[in-house]
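First to last, the sequence lines map onto chains Z and Y.
For the first sequence, the working numbering assigns the number 191 to the initial residue and increments by one for each residue that follows.
For the second sequence, the working numbering assigns the number 35 to the initial residue and increments by one for each residue that follows.
Written out below as structure tokens is the structure these notes cover.
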Amino acid sequence: MLLFKGELTEDLINSILHAIELKLTDSDANLKIRKKVFNILVECLQNLYHHTEMNSDQEQQSKEVPSGMVIVANDDDGYSIMTGNFITNDSVSSLKTKLEYINKLDREDLKKMYQNVLNNGEMTLKGGGSLGLIEIARKSGKKLEYGFAPIDNMNNFFSLNVKVNH
Amino acid sequence: MEDIRIEGTPKTPTVNFIKAEGILEIKGRSIPENSIEFYKPLIDWIEDYARTPHNATNVNIQLEYFNTSSSKCILDLFKKLEAINNSITINWYYEEDDEDMLEAGEDYDAIINIPFKMIEIEEI
Chain Z
191 MLLFKGELTE DLINSILHAI ELKLTDSDAN LKIRKKVFNI LVECLQNLYH
241 HTEMNSDQEQ QSKEVPSGMV IVANDDDGYS IMTGNFITND SVSSLKTKLE
291 YINKLDREDL KKMYQNVLNN GEMTLKGGGS LGLIEIARKS GKKLEYGFAP
341 IDNMNNFFSL NVKVNH
Chain Y
35 MEDIRIEGTP KTPTVNFIKA EGILEIKGRS IPENSIEFYK PLIDWIEDYA
85 RTPHNATNVN IQLEYFNTSS SKCILDLFKK LEAINNSITI NWYYEEDDED
135 MLEAGEDYDA IINIPFKMIE IEEI
């Protein structure tokens with residue numbers, strides 16, 4: 191349905207969301223599924239926008255460039271929202287721990303965790319803490335598929351595949 | 035204090051806060067990249083309103099979509115409303131069959147000490 195790769199700006203995010211919304215409205219998917227896919231895409235793009243970070247030898251410090259790739263696909267089983275972005279080595283272990291933890295929880299526990307993070311969790315300046323990933327898992331109803339691929343000695347490519355069944 | 039009237043955009047909701055009627059409405063979509071910027075004036079307004087509220091306050095939340103960045107701001111907004119001692123109800127509207135939006139209302143209901151009324155409507 192959609193493939194995007196490159197630097198992300200707010201305008202581009204708006205265009206991507208608009209394009210997907212039109213395609214979803216034209217599809218046979220029911221309202222519940224359409225809203226899930228749209229909501230998950232909103233959170234995934236937000237993650238790419240706020241959490242892409244790369245270390246480079248030249249600058250000796252991490253540089254944030256909102257960029258990455260996103261694919262929205264539809265097959266017989268349902269929808270896939272796939273994203274990929276660069277992150278620094280230091281962020282890998284905490285992100286991995288979060289994802290492993292979220293994947294162990296059932297629906298009811300995810301709900302409790304969401305309420306707990308919403309009510310007590312630290313809000314980062316960027317606006318979300320780990321609420322985004324919990325929300326993605328809740329809306330999807332499936333386990334999150336993810337991978338980390340080392341790029342060089344400082345950076346990783348993080349990929350996430352979120353599924354929504356028909 | 036002046037009422038707040040903000041027109042909705044594809045990423046931010048329509049807002050009508052009318053002090054003389056005790057009506058606080060947020061409708062549409064709330065999916066901005068930075069929600070604090072949008073919600074800060076609303077939260078400040080409610081803090082002010084809560085000091086001398088109308089004798090009955092009706093809060094109408096009718097959202098089609100909201101992101102997690104907005105969800106924390108909406109919680110902060112509800113928390114400011116908890117200071118109101120007069121009659122107050124939060125009407126949480128959700129589209130028919132949109133269980134996720136109903137559940138989102140139940141999340142707030144579990145945290146906030148104000149009566150919630152879940153209202154199913156045909157279309158938002």
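The C-beta atom is built at its ideal place from N, Cα and C for all residues, glycine as well.
No experiment lies behind these values; they were computed from the predicted model shown.
Residues bridged to threonine 93/Y (per DSSP): Just to set this straight, residue 93/Y is valine in the shown sequence, not threonine. For valine 93/Y, which the question treats as bridged, DSSP gives the partners Leu58/Y and Ile124/Y.
Cβ-based contacts, 7 Å cut-off: residues of the region 93-105 of chain Y near chain Z: Tyr99, Asn101, Thr102, Ser103 and Ser105
Per DSSP, cross-strand counterpart(s) of tyrosine 83/Y: According to DSSP, tyrosine 83/Y bridges with nothing at all.
Three-state secondary structure (DSSP) of serine 205/Z: helix
Element boundaries [beta strand (DSSP E), containing valine 352/Z]: 345-355
CB contact check: glutamate 41/Y to chain Z, cutoff 9 Å: no
Rounded Cβ spacing between leucine 289/Z and leucine 323/Z (contact assumed at less than 8 Å): 7 Å
Below-9 Å beta-carbon distance, phenylalanine 338/Z vs any chain Y residue: no
Proximal residues of chain Z, C-beta to C-beta of alanine 144/Y below 7 Å: Gln305
CB of glycine 274/Z within 9 Å of CB of serine 349/Z, strictly: yes
Spatially closest choice to valine 260/Z from Gly311/Z, Ile210/Z and Asp342/Z, by CA coordinates: Ile210/Z
Contact set between valine 228/Z and chain Y, taken where Cβ atoms lie within less than 7 Å: Before going further, note that residue 228/Z is phenylalanine rather than valine in the sequence given. Per Cβ cutoff of 7 Å: Tyr99.
Residues near isoleucine 124/Y in its chain [Cβ-Cβ closer than 6 Å; skip 5 each side]: Val93, Ile148 and Phe150
Cβ of lysine 45/Y within 9 Å of any chain Z Cβ: yes
Selection from Ile40/Y, Tyr128/Y and Cys107/Y that minimises the alpha carbon distance to glutamate 67/Y: Cys107/Y
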